[in-house]
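**Student:** Can you keep this structure in mind? I'll have questions shortly.
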Amino acid sequence: MTGTATFNGKPLEDYRVFFFSSGHPAQEPATGRVGADGRFTLGIREEDDGAMVGPNQVWLKFDPPMPESVPGVDAPWTPPPPTIKIPEKYLDRDQSGLKVDVPPDGLTDYKLELQ
């Protein structure tokens with residue numbers, strides 16, 4: 051399952067999109083990191099195996115990749131602040147209000163357009 055995630059038309063780079071299956075509450079959510087172009091690919095066990103079929107709750111989390119470690123340096127890493135700050139409600143599964151019904155053949159180029 052692939053898509054794009056934007057806020058007011060701008061790509062949500064370094065955010066992670068989560069799809070949590072309402073019909074399979076014991077299942078891990080499908081997740082994918084948003085790239086610089088706003089595109090993401092969802093996966094549960096594999097990077098691109100998609101989301102569970104049926105109703106899904108959707109939310110996001112800012113999750114920039116950790117930099118490669120520098121040998122001999124053990125400094126703790128503090129992630130940078132997001133370049134695009136989205137409303138707090140979109141960061142919570144139960145408050146986001148975002149729901150998607152994933153069909154059996156999945157979704158291609160799903161548009162997650164937040165405002």
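With the sequence shown counted from 1, adding 50 to any position gets you the numbering used here. Virtual Cβ for every residue (Gly too), placed ideally from N, Cα, C.
In three-state DSSP terms, what is Glu163?
**Tutor:** Looking at Glu163 - three-state DSSP - the assignment turns out to be strand.
**Student:** Where does Lys60 sit, in a helix, a strand or coil, going by DSSP?
**Tutor:** Strand, per DSSP.
**Student:** For Gln77, which option in Ala101, Leu62, Lys149 and Ser146 has the closest C-alpha, if you only look at C-alpha atoms?
**Tutor:** Of the listed residues, the one whose Cα sits closest to Gln77 is Ala101.
**Student:** Would you mind giving the Cβ-Cβ distance between Gly104 and Gly73, rounded to the nearest angstrom? I have them listed as a contact below 8 Å.
**Tutor:** Yes, Gly104 and Gly73 are in contact; Cβ-Cβ is about 4 Å, under 8 Å.
**Student:** Going by other Cβ atoms of all chains shown within 10 Å of its Cβ, with 16 needed for buried, is Ala55 buried or exposed?
**Tutor:** By the 10 Å Cβ count, Ala55 comes out buried.
**Student:** Under the DSSP definition of a beta bridge, which residues are partnered with Thr91?
**Tutor:** Its beta-bridge partners are Thr52.
**Student:** Measuring CA to CA, which of Ala125, Gln145, Val108 and Asp113 is closest to Glu63?
**Tutor:** Checked all of Ala125, Gln145, Val108 and Asp113; the closest Cα to Glu63 is Asp113.
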